[in-house]
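Here is the structure we will look at.
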Amino acid sequence: MTNKIETECPVCGPADRTLVGECHDLPVVRCVQCSLMFVGECDSVEDTEEFFRSEHVDAEETTELHYVNFRKESLKREAAIVRRLVPDGGRLLDVGTASGYFLKEFDDAENWRVEGVEPSAVSTQFAQQRFGLNVRQGYLAEQNYAAESFDVVSSLDAFNCHRTPNEDLAEMYRILKPGGFFVVEFPGQNYRMLTGSGPLCRLFFGCSLRLNAGVNFFFYTTEALVRMASRVGFEVRESHPEAMPSHGRLPARMAKFAYFRGTSAAYRLTGGRLHLAPKELIVFQKNSSATTENSGLSQLKRAS
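If you count the sequence shown from 1, position 162 lands on 194 in this note's numbering, and the numbers rise without skipping.
Okay, here's the thing in structure tokens:
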């Protein structure tokens, strides 16, 4: 058994926190200053990275079920948004690419060069063999991409698993071309707490907190993620509500679809202020006048 290490709020640093509850024997806490929820104590970064490399996905069937079949419709919508943002195409990097299905949406287009980074050995092999994609196994920080290499960097339902989110945001900023886009999809905190805590959670799942802690480490609000991204130089371009994975029997899928339609309407009517949608997609943009010297890492150092 490894010793647990204390984690800090990625927005406020070593600020006071209050205990929300326990999930998978890990404490989930809330920052007193910014209200961000996160896993307050967990395994080392190195142990976590090894878990994602070798244990989190144990079979190609798991990759196909969870990251193709359940995610198709969301990934198609998100690919359409990227194509609208960059109509002339370009170079795209998907960080935490899982099955590679998102990249497959671009692979047949001559004006797009797509590639991915994925920690799981099983999922990397799936993306390479099933879709013939250029996917590297590992983590973004290990790849040493040249500065200003990509027109788009995406992270779809994966950024909440990053143990070093501020450093990874800075690296994404560094490798984007001036004017490039960072597209991030993440679970909605209001929805997660509505479905993953309280009496209904205890009734249906036998636990008081169901957030998959130890796979997810930070439970971002829109405000927290915008603050973090702004610190390294990103600006918000647009945002969209997104659905939960589509699985279960037909009545369950129909109920999920109806919920998504209703919460999407509320999100759009209020400009995102009423956000009960299962997930959110935010498009950030790197300033078109940004230079290599004014990199994400240097911005982060000045802000800290």
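For each residue, glycine too, the CB sits at the ideal point set by N, CA and C.
Whether residue i touches residue j by CB criterion (7 Å)
i: residue 94; j: residue 131; result: no
i: residue 106; j: residue 270; result: no
i: residue 245; j: residue 55; result: yes
i: residue 201; j: residue 261; result: yes
i: residue 183; j: residue 148; result: no
i: residue 309; j: residue 296; result: yes
i: residue 92; j: residue 158; result: yes
i: residue 220; j: residue 98; result: no
i: residue 154; j: residue 124; result: no
i: residue 242; j: residue 77; result: no
i: residue 315; j: residue 215; result: yes
Rounded C-alpha distance that separates residue i from residue j
i: residue 73; j: residue 60; result: 8 Å
i: residue 121; j: residue 39; result: 39 Å
i: residue 280; j: residue 150; result: 27 Å
i: residue 293; j: residue 188; result: 20 Å
i: residue 116; j: residue 211; result: 15 Å
i: residue 114; j: residue 208; result: 14 Å
i: residue 47; j: residue 263; result: 18 Å
i: residue 248; j: residue 69; result: 11 Å
i: residue 36; j: residue 229; result: 24 Å
i: residue 110; j: residue 140; result: 17 Å
i: residue 234; j: residue 240; result: 5 Å
i: residue 44; j: residue 254; result: 15 Å
i: residue 276; j: residue 238; result: 22 Å
Neighbour-count burial assignment, residue i, 16 or more Cβ in a 10 Å radius
i: residue 236; result: exposed
i: residue 33; result: Only weak support exists for where residue 33 lies, its pLDDT of 47 falling under 50; the value from the coordinates is given anyway. Label assigned to residue 33: exposed.
i: residue 320; result: exposed
i: residue 302; result: exposed
i: residue 50; result: exposed
i: residue 119; result: exposed
i: residue 265; result: buried
i: residue 75; result: buried
i: residue 322; result: buried
DSSP beta-bridge partners of residue i
i: residue 239; result: Its beta-bridge partners do not exist; DSSP assigns none.
i: residue 187; result: 216
i: residue 273; result: 312
i: residue 245; result: 248
i: residue 317; result: 213, 267
i: residue 126; result: 148, 186
i: residue 229; result: 241
i: residue 59; result: 54
i: residue 168; result: 149
Assigned secondary structure, residue i (DSSP; H/G/I helix, E/B strand, else coil)
i: residue 49; result: strand
i: residue 68; result: coil
i: residue 197; result: helix
i: residue 118; result: coil
i: residue 100; result: helix
i: residue 89; result: coil
i: residue 337; result: There is no way to answer for residue 337, as the model of the chain reaches only from 33 to 336.
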